[in-house]
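Structure, as structure tokens:
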């Protein structure tokens, strides 16, 4: 019988150190997996799938792609939503596939 992970067990772990310029991301989060998959298609030399097992993935990515930012105001979120609808995502060319539309 296949084991089903609980929500608490479906974690995301991001590791990096101060020496290397890469980070490792282990995740069960389906939205993050989709984002990483799309970035891998666009940048296969930089977004490397290291391991896939039981619904989780592990990627190696450039450390500069990992960031923490302050929360957006609702006004800014709405503005970016509109800009994304009109112009696509910032790292993709117009007309390319977007995350929710495979």
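Residue numbers (my numbering): 9 to 110. Ideal placement from N, C-alpha and C gives every residue a C-beta, glycine not left out. All values reported here derive from a predicted model rather than from experimental measurement.
Report all residues from its chain with a CB closer than 8 Å to the CB of residue 17; omit the five preceding and five following residues, and keep chain order. Hits under 8 Å: 36.
Of the residues 42, 72 and 45, which one's Cα is nearest the Cα of residue 27? It is 72.
When the distance is taken between beta carbons, is residue 67 closer than 8 Å to residue 56? Less than 8 Å separates the beta-carbon of residue 56 from that of residue 67.
What does the alpha-carbon distance come out to for the pair residue 69 and residue 83? Distance between the alpha carbons of residue 69 and residue 83: 31 Å.
Helix, strand or coil at residue 44 [DSSP, three-state]: Note: residue 44 maps to helix in three-state DSSP.
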